[in-house]
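Written out below as structure tokens is the structure these notes cover.
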Amino acid sequence: MEQIANGIWKLVLGEPEDKTPVSFQTVPMKKESLKNLPLRNVEPFICSKIDFQITQRGTAVTLPMETEEDIYGFGLQLKSMNHAGRKRKIRVNSDPPGDTGESHAPAPFYISSSGYGLFADTFRYADFYMGTNSAKGASANKTEVNQKHEEFSESALYSLKRIKETRTIRIDIPHVKGITLYIFAGDLLETVQRYNLFSGGGCLPPLWGLGVWYRAYGGSDQEKILEIANELRNENIPVDVLGLEPGWQSHSYSCTYSWSSLFPNPDVMISQLKNTGYKVNCWEHAFVYPAAEIYEELLPLSGDYEVWNGLVPDFSMEQTRKVFGSYHERELIEKGIMGFKLDECDNSDYNPSNWSFPDGTCFPSGMDGEQMHNGIGFLYQAMILELFQKRNLRTLSQTRSSGALSAPLPFVLYSDLYNHKEFIRGMVTSGFSGMLWSPEVRSCENPRDLLRRVETVVFSAQALLNCWRIPSPPWKQVDVEKNLNGEKMEGSEFYTEVCVRYLNLRMSLLPYLYSAFVLYQREGIPPVRAVVLDYPLDSRAAVLDDQYLFGEGLMVCPLTLEDETSRKVYLPEGKWYDFFSGEIFEGGMEYQRKADYDQIPVFVKAGSLIPLAEPVECVKADTVFKIHVRTYGTSAASFTLYEGDFLTFTDEPDRNYVIIRSDENGSLSWKRNGKGSIRYEFQEGGII
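Residues 639 to 1326 in my numbering are what the sequence shown lists, from first letter to last.
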């Protein structure tokens, strides 16, 4: 056992593997930021109670678990939030068969309401039994007999009687003779902060990355891309990022990474899009088609199985990253591509196609397919990030898969799974493990479903409209076939007005959200997070998986199509204000709130200042935001807005910021610190 930083201990058991998440960590731990957290030099109680053994299967670790202990984490989890009493399998799977722990982005990391977090440093398919089993002998003194059965439901028969049974945690890591564990001390939020700072701190995206994203129709050619770009500008739809789907490549599934004949002058197109304020993001995946320029070089640097007739590069090797990365840098990034959508870097052997490689695949580095499945998303992202770091440019991109230690990687998760309630749960669960998630707007059942999904996505880490199946925007027609036929839906003017109103709201929130990301980078506080992280003693918050905190002061409570126009919301202790109307609510209570399809319940914590910008169509290098500050409550309050170039890694937001203050009378003042780029002009008139 070794203390490696304030509140973090490293425990090496047996002989761990050498290829693990920590061994490939590219962003160093933020030790100075960890020093600013509460001093924790006494190891958590759990450290002295860890048991370890080598088994025929691999390595087993056991720990005690309190009867009322709550467990969160394990990466992106769409099926459930509180994992107490559940088995979790840490296996990348794009099509999980149920609530198993498998997901696009699982992580062998959890946090406990008992005051600690634990990270198992492995790419293996580890199984975490969170209070589901007891060792032989635990029930030796239980001798009750002839008790009358009064509960006959299946859930009653099989649920864990938490108040009666001794609980333990067991971690099984297959194929290994040891494991390194990292233990983090503190309450729930503090533990998450320590883990994120251990990972290297949260990512800080360019400000344009927090604007609106529009992924264009997959059947577009160069002319159609420019046409939709001009249409969006002419109709005053705010968009910062225009995404190109697989058709931009001469071959995709697998990939050539070179332009299709449908794009005869890509450099001209990129320049035209740049001149109108768009950043271009290109879809790709990691599997390399034989016609690709880099195919022959990657042949000896890839696994011994193909996917979709393409190589699977071994991104754990420096030479592989050099070949793959140099091509991307020379042919794409240097020519103006500002980010990538990393698709299909997950796994599904339940899918009836050649979706991915077997677990027994051999890679030249010595990694096998099991390790690579759990590691390829992280390795792929880290390689792309390094390319932008070399050019001193920040990016915000997308990825299908991720894993442990991914907080510093500027990639937002998305999924082909599409249940809206599960998407909202992803907003809650991803923040436990240093991940970002987008409940992207894609297929919509009807126009009301479109509004509900747009309302959710504008209050997320990435406001993404994925229109790859439709040539016209969804507010003109949500039905795919009718959209393809050029038919406008009834009431499209109304749905357009509502969608544009919310997209403009997103643009108004950019300075507020950017400041939340600065805190993520510097202090490890997730910009989008579960309510229980801020209210760890609130038993109602412990199971709240359908609303979440957005930045410092906002509570977002989305509705789905199934909710129709009403839902219950829970507000923790203190006073809360309706973000739109200013109505006051007492906390510690549940409310039934009505919200028409063009409304979403959002609440503001008393004592908050919310800076709102006049919306712009996109973020440019010289954009100066006109800020109106809303004040909520009568107590003195402050908010720090960070300025800078919003674009490079040399930009230091901690040296260039504005502190906004309000006094007990609601009077506002602000003071600028630093001599960097001035990006904010303050307007009079705070709203209480």
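Just so you know, even glycine gets a beta-carbon here, dropped at the ideal spot from N, CA and C.
Taking the Cβ atoms as the reference, Leu1074 lies roughly 4 Å from Val1050, within the contact range of under 8 Å.
Where Ser751 is concerned, there is no enclosing beta strand (DSSP E), because DSSP gives it neither an H nor an E. In this chain, the alpha helix (DSSP H) harbouring Arg1063 covers His1058 to Thr1067. In this structure Asp759 touches Ile817 by the C-beta definition: roughly 7 Å separates them, less than 8 Å.
Ranked by Cα distance from Gly736, the first of Gly652, Ile646, Tyr988 and Asp997 is Tyr988. With contact defined as three or more Cβ pairs closer than 8 Å, the segment 855 to 870 and the segment 829 to 847 are not in contact. In the structure shown, Ile971 adopts helical secondary structure according to DSSP, grouped into three states. By the C-beta criterion, the segment 1111 to 1128 is judged not to be in contact with the segment 1224 to 1238, since fewer than 3 inter-stretch pairs fall below 8 Å. In the structure shown, the three-state DSSP call for Ser1044 is coil.
DSSP places Gly1013 inside the alpha helix (DSSP H), whose first and last residues are Gly1007 to Lys1028. Bounds of the beta strand (DSSP E) holding Gly769 are Asp765 to Asn771.
Contact between Pro654 and Val814 holds: CB atoms are separated by about 7 Å, below the 8 Å threshold. Comparing C-alpha distances from Tyr855 to each of Leu1103, Leu936 and Ser899 shows the shortest one belongs to Leu1103.
Pro951 places its beta carbon less than 8 Å from that of Ala924. If you draw a 10 Å sphere on the C-beta of Val730, you find 16 or more other C-beta atoms in it, and that means buried. Lys669 sits in a helix when the DSSP states are folded into three classes. The C-alpha of Gln1237 lies about 52 Å from the C-alpha of Glu640. A distance below 6 Å between beta-carbons, with the five flanking residues on each side excluded, links His1011 to the following residues of its chain, in chain order: Val730 and Asn985.
If you draw a straight line from the Cα of Tyr1215 to the Cα of Glu707, it comes to about 32 Å. Around the beta carbon of Ile1265, a 10 Å sphere encloses 16 or more other beta carbons of the protein chains shown; the residue is thus reported as buried.
Annotated three-state conformation of Ile1248 is strand, per DSSP. Secondary structure at Ala1154: helix, using DSSP grouped into helix, strand and coil. In terms of Cβ geometry, Tyr833 and Gly1072 form a close pair [threshold 8 Å]. The segment 1306 to 1320 makes no contact with the segment 1054 to 1066, as fewer than three CB pairs between them are under 8 Å. Contact between the segment 1160 to 1176 and the segment 1273 to 1280 is not established, with fewer than three Cβ pairs separated by less than 8 Å. In the structure shown, His923 adopts extended strand secondary structure according to DSSP, grouped into three states.
Leu827 has its alpha-carbon roughly 10 Å from the corresponding atom of Gly753.
A distance below 6 Å between beta-carbons, with the five flanking residues on each side excluded, links Ser1035 to the following residues of its chain, in chain order: Gly977, Phe978 and Phe1049. Rounded to the nearest angstrom, the gap between the Cα atoms of Gly1162 and Leu842 is 11 Å. Of all alpha-carbon atoms in Thr1203, Trp647, Ala764 and Met703, the one lying nearest the alpha-carbon of Arg695 is that of Ala764. Closest by C-alpha distance to Ser954, out of Ile971, Gly824 and Ser1003, is Ser1003. For Tyr933, the uninterrupted alpha helix (DSSP H) run begins and ends at Tyr933 to Leu936, by DSSP. Taking 8 Å as the cut-off, the Cβ atoms of Tyr1270 and Gly1245 count as close.
For Asp1216, the beta-bridge partners assigned by DSSP are Phe1241.
With the rule of 3 Cβ pairs closer than 8 Å, the segment 1241 to 1255 counts as touching the segment 1187 to 1197. Under the DSSP assignment, Pro904 falls in the alpha helix (DSSP H) whose first and last residues are Pro904 to Asn913.
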